[in-house]
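Protein chains in written order, with the numbering used here: chain Y, 1 to 124; chain W, 125 to 510. Cβ coordinates follow ideal geometry from the N, Cα and C atoms, glycine included. Given the structure is predicted, the values throughout are model-derived calculations rather than measurements.
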Amino acid sequence: MRALLVALLVAAPAAACELPGGQAHKIQSAHYLVLYRTQPAPLKVGQHFAVDFAVCPAPESVRIDAGMPEHKHGMNYRPTVTATGEGRYRADGLMLHMAGKWELVFEVRAKDSVERAVQVIRLE
Amino acid sequence: MKRIAFLLLVLCAPALAATFTDDEARKIQSHGPWPAPWKSDPSNRVSGNENAIDLGERLFFERRLSVTGEISCSRCHLPERNWSDGLPRAVGLEEVDRNAPSVVNVRYHRWFGWDGAHDSLWAQSINPILDARELGMSAASVAKFIRGDRDLACRYRKTFGAAPGGDDERILVDAAKALAAFQETLVSGRTAFDEFRDALARGDRAAMARYSENAQRGLKTFVGKGACDTCHTGPAFTNGEFHDTGIAFFVRPGEVDPGRYGGIKKIVSDRMNLLGPYNDDAKRSTATGTRHVSLEHRNFGEFKVPSLRNLESSMPYMHNGSLASLRDVVKHYSEISPDRLHSDGEAILKPLHLTDGETADLVAFLQTLSDRGGRYQRRPFPEDCR
Chain Y
1 MRALLVALLV AAPAAACELP GGQAHKIQSA HYLVLYRTQP APLKVGQHFA VDFAVCPAPE
61 SVRIDAGMPE HKHGMNYRPT VTATGEGRYR ADGLMLHMAG KWELVFEVRA KDSVERAVQV
121 IRLE
Chain W
125 MKRIAFLLLV LCAPALAATF TDDEARKIQS HGPWPAPWKS DPSNRVSGNE NAIDLGERLF
185 FERRLSVTGE ISCSRCHLPE RNWSDGLPRA VGLEEVDRNA PSVVNVRYHR WFGWDGAHDS
245 LWAQSINPIL DARELGMSAA SVAKFIRGDR DLACRYRKTF GAAPGGDDER ILVDAAKALA
305 AFQETLVSGR TAFDEFRDAL ARGDRAAMAR YSENAQRGLK TFVGKGACDT CHTGPAFTNG
365 EFHDTGIAFF VRPGEVDPGR YGGIKKIVSD RMNLLGPYND DAKRSTATGT RHVSLEHRNF
425 GEFKVPSLRN LESSMPYMHN GSLASLRDVV KHYSEISPDR LHSDGEAILK PLHLTDGETA
485 DLVAFLQTLS DRGGRYQRRP FPEDCR
């Protein structure tokens, strides 16, 4: 099943899903809870950043991407995702290079399904 | 009497021609403060080093750094022309395909050259030295020149801690790092816009009112209807990235300039890049962009977003110097045809349909991004190097 859910800051069942190291944003999609934190924060236009995140339950694989739907383009950089264990990951090499509305997308894969959890970010 | 009364009325009138919303005020303040803080380049071990700056300045104006002994870096980067040359396309030993970008504020860049084919200022500085159409040298000829000149060899030793040795490529890279150290010192001064921006930040309406009325209206268009700050972001008025702006990229019949598409192909295969052996930073802390840059078909015909600081004196404009004046640039964006943009590219630019008044105001605003500082003067050099 493919689902697209725009970001929700959810009072989610986070007890079983943790991202150690401080406060995290939460995105709830149909079957997954994504917790994430950017480094650095807050984000600035044209600045590289990394994302520490957790996906619960742990998927087979996960990709991260970002784009500006209204401008019909993505990032100029291809991030890499490294699993750090227990459903947690580190993504490096992201950059939002323009001011405006972006979507940060976590694409979670398990068996035959692909599910997307999306966070809307507005940059000035 | 009537005339005096009118003058008094004008002088006493509220001089803020434009009112700014909170959103606009935030956007305006994001273009400062200026100058941005100094950070040395970790990939260059002599960044900020006084001896390197001295050596780099000498090399920048050194005609013997060309194969003919007749031209130097300053052939295309003239101090009196905002470190550009005033020509549509730069002319070294031959004419090249692009406009000579200014080297002012170059220390703030992430990518270098219109296509971003280099990821450090020192690697970019190697390019014109070796390009057959620019200075036409080789690593061997640069090394031979520096080794053979007693004064330069002495300054090389003072900068790098050892006399120029037998590794020609190492000497070429070191010379480029000294050139980079000098160019890092070229920073534009404060402008009328900076005074307005800072006054806005501290709520000083009297100081804000000293900013010309048409510039205020132009600024409002810049951050509003024009949305120019979508790409011209931050204190340097550039996001440092690449876009297709509908400028023709044919360099001659049947030959196109691939822009960023070619730049990415070059950077990922360049052994002088920040992932290569000449990066002095073992952590590769500034190499994130090089490590992750992504080649897409849409990059074809994209060129770097230039800084808008000091642009008044760096005409003509665009990557090929095809627009002669600021008014031409504004009219280009006002009347741009979406048909001239890539069908698979970004959907950012739309014709702005500016009125003549809005065009004049926007030009007036852009003119306030140029400093009125003193002219560059070469440092007094010590006579001898010992």
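Check, Outcome
"Assuming W/GLU181 and W/PHE320 are in contact, meaning their beta carbons sit under 8 Å apart, how far apart are those beta carbons, in whole angstroms?", "That belief does not hold up - the Cβ atoms of W/GLU181 and W/PHE320 are roughly 33 Å apart, past 8 Å."
"Using the beta-carbon count (16 or more within 10 Å), is Y/VAL118 buried or exposed?", "buried"
"Determine the burial state of Y/PRO140: buried for a count of at least 16 other Cβ atoms within 10 Å of its Cβ, exposed for fewer.", "With chain Y running from 1 to 124 in the structure shown, residue 140 of chain Y is simply not present."
"Answer yes or no: does any C-beta atom of chain W fall closer than 8 Å to that of Y/ILE121?", "no"
"Can you list, in chain order, the residues of its chain whose CB lies under 6 Å from that of W/CYS278, leaving out five sequence neighbours each side?", "CYS509"
"Let me see if you follow: with CB-CB separation under 8 Å, is Y/GLU103 close to chain W or not?", "no"
"If you measure from the beta carbon of W/CYS355 to each beta carbon in chain Y, is any gap under 8 Å?", "yes"
"Of the residues W/MET396, W/GLY348, W/PRO475 and W/ARG503, which one's Cα is nearest the Cα of W/PHE144?", "W/GLY348"
"Since W/SER494 meets chain Y, which of its residues come closer than 8 Å, beta carbon to beta carbon?", "The contacting residues do not exist; W/SER494 stays about 23 Å from chain Y at best."
"Our contact map puts Y/GLY125 next to Y/HIS48 with C-beta atoms below 8 Å; I'd like the distance itself, whole angstroms only.", "Residue 125 of chain Y falls outside the range modelled here, since chain Y spans only 1 to 124, and no answer is possible."
"Under 8 Å, do W/THR345 and W/ASP165 count as touching if we go by C-beta distance?", "no"
"Please check the pair W/ALA360 and W/SER438, which I expect to be a contact at CB under 8 Å, by giving their CB distance rounded to whole angstroms.", "About 14 Å; that fails the 8 Å criterion."
"Roughly how far, in whole angstroms, is the beta-carbon of Y/TYR89 from the beta-carbon of Y/VAL62, given that I think they are within contact range, below 8 Å?", "6 Å"
"So is Y/TYR89 in contact with chain W if we call contact Cβ pairs under 8 Å?", "no"
"How is W/GLU436 classed by DSSP in three states: helix, strand or coil?", "helix"
"Please list, in chain order, all residues of the same chain as Y/ALA14 whose beta carbon is under 6 Å from its beta carbon, the five residues on each side excluded.", "Unreliable positioning characterises Y/ALA14 in this predicted model, as indicated by a pLDDT of 43, which lies under 50. The coordinate reading is nonetheless provided below. Correct list: empty, nothing qualifies."
"Since Y/GLN119 sits in a beta bridge, which residues does DSSP pair it with?", "Y/LEU104"
"Could you pull the start and end residues of the beta strand (DSSP E) that Y/HIS71 belongs to?", "No beta strand (DSSP E) holds Y/HIS71; DSSP gives it neither H nor E."
"How would you label Y/PRO79, buried or exposed, when you count the other beta carbons within 10 angstroms and need 16 or more for buried?", "buried"
"Counting only C-beta atoms, is Y/VAL10 closer than 8 Å to chain W at any point?", "Its pLDDT being 40, under 50, Y/VAL10 is placed unreliably in this model, and the value from its coordinates should be taken loosely. So, not an interface residue."
"How many angstroms separate the CA atom of W/LYS455 from the CA atom of W/LEU476?", "9 Å"
"Taking C-beta pairs closer than 8 Å, name the residues in chain Y that W/ASN403 reaches, listed in chain order.", "What W/ASN403 touches in chain Y: nothing, since even the nearest Cβ is about 16 Å away."
"Once you ignore the five residues that flank Y/LEU5 on each side, which residues in its own chain have a CB closer than 6 Å to its CB?", "Note that Y/LEU5 scores a pLDDT of 40, beneath 50, so its modelled location is shaky; the value from the coordinates is reported in the next line. Cβ neighbours of Y/LEU5 beyond the five flanking positions: SER29."
"Tell whether a beta-carbon distance below 8 Å holds between W/SER418 and Y/TYR77.", "yes"
"Residues of chain Y with CB closer than 8 Å to the CB of W/SER154, please, in chain order.", "GLU124"
"Show which residues of chain W have a CB atom less than 9 Å away from the CB atom of Y/ALA99.", "LYS151, SER154, ALA351, ASP353, THR354, CYS355, THR357 and ASN363"
"Please state whether DSSP places W/SER208 in a helix, a strand or coil.", "strand"
"Hey, how far is the Cα of W/GLN153 from the Cα of Y/LEU123?", "14 Å"
"Where are the alpha helix (DSSP H) runs, 4 residues long or more, that stay fully inside the region 174-221 of chain W, in chain order?", "174-184"
"Which residues mark the beginning and the end of the alpha helix (DSSP H) in which W/VAL454 is found?", "450-459"
"For W/GLN248, count neighbouring C-beta atoms within 10 Å of its own C-beta (all shown protein chains included) and say buried if the count is 16 or more, exposed if not.", "buried"
"Beta-carbon of Y/PRO40 versus every beta-carbon of chain W: anything under 8 Å?", "no"
"By how many angstroms is the C-alpha of W/ARG188 removed from the C-alpha of W/ASP273?", "10 Å"
"Cutting at 6 Å between CB atoms, please list the residues of its own chain near Y/ASP112, excluding the five before and the five after it.", "none"
"So, for W/LEU217: in the same chain, excluding its five sequence neighbours on each side, which residues have a beta-carbon less than 8 Å away from its beta-carbon?", "SER190, VAL191, THR192, ILE195, ALA256, ARG257, GLU258, LEU259 and GLY260"
"Take every Cβ of the region 382-393 of chain W, pair it with every Cβ of the region 446-462 of chain W, and state whether three or more of those distances are shorter than 8 Å.", "no"
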